[in-house]
Amino acid sequence: MYYLITGGAGSGKSEYAEALAVSLAKSEEVNSLYYIATMFPYDDPDTKKRIERHRSLRAGKGFVTIERPLDIGRVMGEISGIREKSGFIRKRRNPEKGRISLDDEKTVIHCDHIGGGSFHEDNCLSDAVVLIEDLTNLYANECYETDGHPHDITGPLRELASCVRALIVVSNELYSDGTQYSEETMGFLKGLSFINREIAEAADQVVEVVAGIPVLI
Numbered sequence: 001m002y003y004l005i006t007g008g009a010g011s012g013k014s015e016y017a018e019a020l021a022v023s024l025a026k027s028e029e030v031n032s033l034y035y036i037a038t039m040f041p042y043d044d045p046d047t048k049k050r051i052e053r054h055r056s057l058r059a060g061k062g063f064v065t066i067e068r069p070l071d072i073g074r075v076m077g078e079i080s081g082i083r084e085k086s087g088f089i090r091k092r093r094n095p096e097k098g099r100i101s102l103d104d105e106k107t108v109i110h111c112d113h114i115g116g117g118s119f120h121e122d123n124c125l126s127d128a129v130v131l132i133e134d135l136t137n138l139y140a141n142e143c144y145e146t147d148g149h150p151h152d153i154t155g156p157l158r159e160l161a162s163c164v165r166a167l168i169v170v171s172n173e174l175y176s177d178g179t180q181y182s183e184e185t186m187g188f189l190k191g192l193s194f195i196n197r198e199i200a201e202a203a204d205q206v207v208e209v210v211a212g213i214p215v216l217i
């Protein structure tokens, strides 16, 4: 299943997307729930605050976090690499919930630490649930951090969605406030809207979260 979750700032879209991902993952399986963080960890207070907020939201939920601010097409190979090297994760049984969880200190994976090899058919990802947060940061990074050579976004996402149990992409609703921005900003918003439409067309389900309430589109 391929999901697109949209919403404005503070709408509750992140909480909804994480709850959806957890509900879709097999609770008895370790190393099947992945959070793809697309924000560059810039050394400024606002960015650090946002990153810590998202980390606290997903703490204890069993996510394996992969930092991938650029070139989303590498994610499939990175997930395959993690699963091949799954011995690096120590399993433990939670006697209260009767389920296996991940040690929190083991869950953050920096993309450069994984081989980043290509996906192989024998590395079955059919049980994996992948949450990408978020599309806006990813697109901004591709626009402004690649020296004019952005990587494709929608193609790799379609390929990933075809291989995993569920792919959940979180995006922001930024182009409906009626505000007239600068030419550069308007160009960025139009590009993001185009990618949103492409993903929405390919997705099995599109949900807009409004004031914490998910609305199926």
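Just so you know, the numbering used here puts 57 at position 57 of the sequence shown, and the rest follows in order with no gaps.
We put the CB at the ideal spot given by N, CA and C, even for glycine.
Predicted, not measured: the structure shown is a model, and the values here were computed from it.
How many Å lie between Ser14 and Gly7 at the Cα?
Here the question's residue 14 lines up with position 14 in the sequence shown. Here the question's residue 7 lines up with position 7 in the sequence shown. Spanning the two alpha carbons is a distance of roughly 9 angstroms.
Where Pro214 sits in the DSSP three-state scheme:
To locate residue 214, count along the sequence shown from 1; it is residue 214. DSSP places Pro214 in strand when its eight states are reduced to three.
DSSP beta-bridge partners of Glu183:
Mapped onto the sequence shown, residue 183 falls at position 183. None; Glu183 has no bridge partner.
Beta-carbon contacts of Leu70 that lie in its chain and below 6 angstroms, excluding the five residues immediately before and after:
Position 70 of the sequence shown, counting from 1, holds the residue named residue 70. Answer for Leu70: Asn141, listed in chain order.
In the DSSP assignment, find the unbroken beta strand (DSSP E) run with Ile36 in it and report its ends.
Counting from 1 along the sequence shown, the entry for residue 36 is found at position 36. Where Ile36 is concerned, the enclosing beta strand (DSSP E) starts and stops at 33–37.
Those residues which DSSP pairs with Thr6 across a bridge:
For the purposes of this step, residue 6 is identified with residue 6 of the sequence shown, where counting begins at 1. Answer by DSSP bridge pairing, in chain order: Glu208.
Along the chain, where does the beta strand (DSSP E) containing Ile132 start, and where does it finish?
By one-based count along the sequence shown, residue 132 stands at place 132. Where Ile132 is concerned, the enclosing beta strand (DSSP E) stretches over 129–133.
Straight-line gap, Arg83 to Ala128 (C-alpha atoms, nearest Å)
Sequence index remark: in the sequence shown, residue 83 carries index 83 (1-based). Sequence index remark: in the sequence shown, residue 128 carries index 128 (1-based). Computed Cα separation, rounded: 10 angstroms.
Considering only their Cβ atoms, is the gap separating Ser171 from Asn196 smaller than 7 angstroms?
For the purposes of this step, residue 196 is identified with residue 196 of the sequence shown, where counting begins at 1. For the purposes of this step, residue 171 is identified with residue 171 of the sequence shown, where counting begins at 1. Yes; because the gap between Cβ atoms is below 7 angstroms, this pair is in contact.
Just mark Met186 as buried or exposed, buried being the case when its beta carbon has 16 or more other beta carbons within 10 Å.
One-based indexing of the sequence shown puts residue 186 at position 186. So Met186 ends up on the exposed side.
Closer than 8 angstroms by C-beta to Ser126: which residues in its own chain qualify, once you throw out the five before and the five after it? Chain order, please.
For this step, residue 126 is matched to residue 126 along the sequence shown. Once the five neighbours on either side are set aside, the close Cβ partners of Ser126 are Cys163, Val164, Arg165.
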